[in-house]
Structures are given as structure tokens and as C-alpha cells.
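Trainee:
Number of protein chains: 2
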Amino acid sequence: MNKKLYRLKMILQKKEIRPTYQRLKIFEYLHQSKEHPTVEMIYNNMVKKIPTISKATIYNTINLLVEKGLIVPLAIPDSDTRFESNVGWHHHFLCERCGKIIDLDIKCEYFEKREIQGHRIKELHGYFKGICRKCLESKELV
Amino acid sequence: MNKKLYRLKMILQKKEIRPTYQRLKIFEYLHQSKEHPTVEMIYNNMVKKIPTISKATIYNTINLLVEKGLIVPLAIPDSDTRFESNVGWHHHFLCERCGKIIDLDIKCEYFEKREIQGHRIKELHGYFKGICRKCLESKELV
DNA sequence: TTTCGTGCAAAGCATTTGCAAGTAG
DNA sequence: CTACTTGCAAATGCTTTGCACGAAA
Chain A
0 MNKKLYRLKM
10 ILQKKEIRPT
20 YQRLKIFEYL
30 HQSKEHPTVE
40 MIYNNMVKKI
50 PTISKATIYN
60 TINLLVEKGL
70 IVPLAIPDSD
80 TRFESNVGWH
90 HHFLCERCGK
100 IIDLDIKCEY
110 FEKREIQGHR
120 IKELHGYFKG
130 ICRKCLESKE
140 LV
Chain B
0 MNKKLYRLKM
10 ILQKKEIRPT
20 YQRLKIFEYL
30 HQSKEHPTVE
40 MIYNNMVKKI
50 PTISKATIYN
60 TINLLVEKGL
70 IVPLAIPDSD
80 TRFESNVGWH
90 HHFLCERCGK
100 IIDLDIKCEY
110 FEKREIQGHR
120 IKELHGYFKG
130 ICRKCLESKE
140 LV
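Just so you know, the protein sequences line up as chains A and B, in that order. Going left to right, the first sequence walks through residues 0 to 141 as numbering that gives the first Met the number 0 numbers them. Going left to right, the second sequence walks through residues 0 to 141 as numbering that gives the first Met the number 0 numbers them.
#1: Please confirm whether Leu93 of chain B and Lys54 of chain B have their CB atoms less than 7 angstroms apart.
#2: What are the complete alpha helix (DSSP H) segments, minimum 4 residues, inside the region 52 to 92 of chain B?
#3: Step through the CB atoms of chain B and report whether any lies within less than 7 angstroms of the CB of Cys97 of chain A.
#4: Can you tell me which of B:Pro72, B:Ile52, B:Ile130, B:Met9 puts its alpha carbon nearest to the alpha carbon of Glu123 of chain A?
#5: Which one of B:Tyr126, B:Glu114, B:Gly98, B:Thr51 has the shortest CA to CA distance from Lys133 of chain B?
#6: Report the residue from A:Arg96, A:Cys107, A:Ile101, A:Lys106 whose alpha carbon sits nearest the alpha carbon of Ser137 of chain A.
#7: Would you list, in chain order, the members of the region 122 to 135 of chain B that have their beta-carbon closer than 8 angstroms to a beta-carbon of chain A?
#8: Residues of chain B with CB under 8 angstroms from Ile105 of chain A, in chain order?
#9: Is the region 106 to 125 of chain A in contact with the region 42 to 62 of chain A, if contact means three or more CB pairs nearer than 8 angstroms?
#10: Just reading off the beta strand (DSSP E) that Asn122 of chain B is part of, what are its end residues?
#11: For Ile120 of chain B and Ile70 of chain B, I'd like the C-alpha separation in whole angstroms.
#12: For the beta strand (DSSP E) that contains Ile100 of chain A, what are its first and last residues?
#13: Taking 7 angstroms as the CB-CB cut-off, is Phe82 of chain B touching chain A?
#14: Just the chain B side, please: which residues come within less than 7 angstroms of Arg119 of chain A by C-beta, in chain order?
#15: Among the residues of its own chain, which have a CB less than 7 angstroms from the CB of Lys14 of chain A, if the five just before and after it don't count?
#16: Give the residues from the region 54 to 73 of chain A that approach chain B closer than 7 angstroms (Cβ to any Cβ), ordered along the chain.
#17: Exposed or buried, Lys3 of chain B, counting other C-beta atoms within 10 Å across all chains shown (16 or more means buried)?
#18: In the DSSP assignment, what residue or residues form a beta bridge with Glu114 of chain A?
#19: Which one or two residues does DSSP pair with Cys94 of chain A in a beta bridge?
#20: Nearest to Ile75 of chain B by alpha carbon, out of B:Leu7, B:Tyr28, B:Ser32, B:Ile100?
#21: Should Arg113 of chain A go down as buried or exposed, given a rule of 16 or more other Cβ atoms within 10 Å for buried?
#22: Under DSSP, the alpha helix (DSSP H) around Tyr20 of chain B begins and ends at which residues?
#23: Please say whether Ser84 of chain B and Leu29 of chain B have beta carbons closer to each other than 7 angstroms?
#24: Let me confirm a value: Met9 of chain A is counted as buried when at least 16 other C-beta atoms fall within 10 Å, else exposed. Which label applies?
#25: With respect to the alpha helix (DSSP H) encompassing Ile10 of chain B, which residues constitute its N-terminal and C-terminal limits?
#26: With a threshold of 16 other CB atoms inside 10 Å of the CB of Arg6 of chain B, please say whether the residue is buried or exposed.
#27: Which residues in chain A have a C-beta closer than 9 angstroms to the C-beta of Phe92 of chain B? List them in chain order.
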């Protein structure tokens, strides 16, 4: 675990980000969490470990990490922005029943393309909305 | 043109929305505009035609139209939400140079699917970010 | 030592809400 | 007439900013 933290510290330094305790802990949390947390969720989690931490620091840090390309924001209508450390291109599934966001492991023909209809592609985002497998299964039991 | 307005009025009534002048004009604007306007853009456009209109009415109306499924919101990180009346599934391209949002006329294998890895699909959203064809061309002239 | 980051409180904005007056059916 | 909608202003809530103190290089 210490080795992993050290690795994260190196990543920050490589991007010229001072690896303060707060930043490292936030970055660590984003790496170990699979729940695509909101700012609120990050804050609630951090307060447990660092009781004096402020929301301003959370905002400052995630903004910095996004700028440096170390995390990615996920915009969803009528919902708070979420963040993830998995910066590789992939799609998402949002369950409208349980609210979870699931990383989809599907191929997309555009993942390899650098151009579409003459436009140069720099980013690609895709998400599905509906009811996830688990919710469907539990509904069938009712 | 009157015929078109009448058609829009019918659409509102079918969804049990009282076709007030403000609502009809906002709905009309969203139908004729191809620029995927923000709330701000809708307001600025409406004020020209209805000088007394308030932002609250714009918000009330678009929220209602979204609820009823007559328009679709488009969430983009670090950018205001945009709206469009084209509710059919399609992808978008966002140019980071000129800021335009372009409807893409491409097929997607998931447009016809109703399930993905066991999850039931109700909505599908995809967008590319990069530099649009026009901006690439004008850059090449420099 | 010097520069940068943190935490607090205040400021800024977009969006929502409450309400009196006006409008649609 | 009765219920709903509008426009205004106030309230709300998320995010950013200014600043003094503290921490990192």
C-alpha cells in the first residue's frame, strides 16, 4: 500500500503538482474508489481522514487534477458532476434506479479513430442510461 | 410558418402543456435553432421578441419541456447545459476552438439495442470533443 | 527563506421558489 | 369563474476567491 502511495506521489510530481498530504489523499481516494464520486462524496470521505479539510481544498485539488489530465469529469444532466481516475476512453452506464455508475467494458469503433467526418477527435464520451442488471434481477424477485 | 406554429401548439397540448405565448415562442425557437442553445442564449433571444419575459419563465418552461420529453438537455463539463428539440438518438461533436456543437449523422450499433451486458438501455448519449472541420480548414490557411 | 497550499469566510452565479397580478380555458 | 402562468424579487446552493497562517522545497 505504501508502494502504491509512493507511485501516486510520483505521478503528481511528474505533473509538477506539489504532493501535499491533502492532494495525495484525494488522489488516492479517486484511485481506489470505483463509484465515480461527486465533490460531496469526496469531501465526506476526506473529512473522516482529515477532519480539518475544507471544501475549497477539494475543489482546488480536483480542478488541478482535471487540468493536468490526471482525472476526468463526468457531466450528467440534473446530477452533480462526478470524477474518476480512469482516464482511458471507456463508456458508462447510469442506473436510474440505484443511481450507480458502471464502467462498461465494450469496444467502440471510434476509440481508434482520430477523425470523424473531417472533424479531429480529441475526446470521446459515451454513456447509457437505464436500469442496471442488478436492479432488474432484484425487481424480478418481487 | 403559421402552420408550423400550429403544429407546435398541438404538440404542447397533446402533452397537457398550456400553450401560452411564452412557451410557444420558446418551443418554436428551440425547433428552428440548430445551435443547441444554453438558457442564457434562449433568454437573450426571447427578450428581443418578448421584452418583459423573465429568466424564471425560461427555466420553468425548459424544465417542463424536458420533463415531458419534448426537448433534451446536453450536459458538458465546464460548460452550461444546452438544449435541443431533436429528441431522436444521435451523437454530437463539440469544437473546442469555435465552441459550436454539431449534430453527427453517424450510425451506432447501440441505437437499435435495448440491452447492454444485461443492463436495460433507456437512453444513449455520445459526444466527441476536438476541432471541427471548418476550424481545421481555416487553420490550414494561416 | 521564499514560494505555494490550506482553511475559513465572504463573494459570485446559476437556478429555484414565493407571491401578487394577469391570462387561458 | 377558477386554475394556472408570469415576472419580480428573494432565497438557495454550488463553486470560486481573498487572505492570513502554515507547510514544502
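A virtual CB, placed ideally from N, CA and C, is assigned to each residue, including glycine.
Mentor: In terms of the structure at hand:
#1: The answer is no: Cβ separation not under 7 angstroms.
#2: List check, alpha helix (DSSP H) in window: 54 to 66.
#3: Interface annotation, Cys97 of chain A: not in contact with chain B, CB-CB separation never under 7 angstroms.
#4: Checking the displayed sequence, the identity of residue 123 of chain A turns out to be Leu instead of Glu. Closest option to Leu123 of chain A, Cα to Cα, is B:Ile130.
#5: Measuring from the Cα of Lys133 of chain B, the nearest candidate turns out to be B:Gly98.
#6: The option with the nearest alpha carbon to Ser137 of chain A is A:Arg96.
#7: Glu122, Leu123, His124, Gly125, Tyr126, Phe127, Lys128, Gly129, Ile130, Cys131, Arg132, Leu135
#8: Ordered by position in chain B, the residues that pass the 8 angstroms Cβ test against Ile105 of chain A are Ile115, Gln116.
#9: no
#10: The question names Asn, yet the displayed sequence has Glu at residue 122 of chain B. Start and end: 118 to 130.
#11: Rounded to the nearest angstrom, the two C-alpha atoms are 19 angstroms apart.
#12: Its beta strand (DSSP E) spans residues 100 to 103.
#13: Not closer than 7 angstroms to any Cβ of chain A, the Cβ of Phe82 of chain B fails to qualify, so no.
#14: Gly129, Ile130, Leu135
#15: Lys67, Leu69
#16: Pro72
#17: exposed
#18: Beta-bridge partners assigned by DSSP to Glu114 of chain A: A:Arg119.
#19: A:Gly129
#20: B:Ile100
#21: exposed
#22: It spans 20 to 31 - the alpha helix (DSSP H) in which Tyr20 of chain B sits, taken as one unbroken run.
#23: Cβ distance < 7 angstroms, so Leu29 of chain B and Ser84 of chain B count as in contact.
#24: exposed
#25: Counting along the chain, Ile10 of chain B sits inside the alpha helix (DSSP H) bounded by residues 1 to 13.
#26: exposed
#27: One finds Ile115, Gln116, His118, Ile120 in chain A with Cβ atoms closer than 9 angstroms to the Cβ of Phe92 of chain B, taken in chain order.
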